[in-house]
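Asks: The structure's right below; bear with me while I get my questions together.
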Amino acid sequence: MLKKWKTNNYQHILKTFVFNYFKADRENSTGELKGSFDILECRNWVNVFAFNERDELILVKQYRHGIDDLTLETVAGVIESSEEPLTAAKRELLEETGHCSDEWSELGRVSANPAFMNNYCHYFVARNCREVSAQDLDPLEEIEVLKISMNEVEDKIRSGEIHHSLFLAGIGLLKNSLP
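The opening position of the sequence shown corresponds to residue 139 in the numbering used here, with each subsequent residue numbered one higher.
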């Protein structure tokens, strides 16, 4: 029977704004397999499927440095250390789009990349969102807000315009939650 591996050493290598990098020396339960593994400790994230009164999905377009390109994705962000996931979701929706909602439901969570990351992405749906303020973006954030139908979302997924893996995982959770 497969068992969790034993950690023999856990060494902090690097601290950045986004993650802490560790080297973990581990061995399997029989001691036959041993190795050093890279681990990124990251804060948990939220993604919000926000729908307005016309049932359009409120998306954000922004530049992503990792792929050196623009992405079309859901409202998303980091859960601060003292925050509950729902509180972070509400904050991110307001900051990134200027919208709020009184109708929230939780879709679930996924492991961001369990091969080498320790965090989770929590998903929420916000219905009947309304614009109540201007965006309140982080100093190095530049976001364009778009509102599109779910049919358009499906087209953009098929065409590859929407390709963010956490968006696509969330779409699966969203579809499974529909009656």
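All C-beta atoms, glycine included, are put in the ideal place defined by N, C-alpha and C.
The structure displayed is predicted, hence computed values, not measured ones.
If we count the other Cβ atoms within 10 Å of its Cβ and call it buried at 16 or more, is H237 buried or exposed?
Replies: buried
Asks: Mapping the DSSP letters down to three states, classify K294 as helix, strand or coil.
Replies: In the structure shown, the three-state DSSP call for K294 is helix.
Asks: Measuring alpha carbon to alpha carbon, tell me which residue in D193, T235, C180, S287 is nearest L275.
Replies: T235
Asks: Which residue marks the beginning of the alpha helix (DSSP H) containing K172, and which one marks its end?
Replies: No alpha helix (DSSP H) contains K172, which is instead part of the beta strand (DSSP E) from 172-180.
Asks: From the DSSP output, which residues share a beta bridge with R202?
Replies: D207, per the DSSP bridge assignment.
Asks: Short of 6 Å in beta carbon distance, which residues of its chain neighbour S167, apart from the five on each side in sequence? Order them along the chain.
Replies: Only residues of its own chain outside the window of five on either side were considered, and among them K141 have a CB closer than 6 Å to the CB of S167, listed in chain order.
Asks: For N146, which of helix, strand or coil comes out of DSSP?
Replies: strand
Asks: In whole angstroms, what is the alpha-carbon distance linking E282 and L208?
Replies: 10 Å
Asks: Pairing CB atoms from the segment 153-162 with CB atoms from the segment 177-184, are three or more of them under 8 Å?
Replies: yes
Asks: What residue does the beta strand (DSSP E) around L245 start on, and which one ends it?
Replies: 241-249
Asks: With distances taken from CA atoms, which of K161, T145, K144 is nearest L152?
Replies: K161
Asks: Determine, for T235, whether the minimum Cβ-Cβ distance to residues of chain C falls below 8 Å.
Replies: Any reference to chain C falls outside this structure, which holds one protein chain only.
Asks: Run through the DSSP bridge pairs and tell me what D163 is partnered with.
Replies: N147, S174
Asks: Determine the contact status of E210 and L197, defining contact as a CB-CB distance below 8 Å.
Replies: A quick correction: the sequence has Leu, not Glu, at residue 210. Their beta carbons are under 8 Å apart, which means L210 touches L197 by this criterion.
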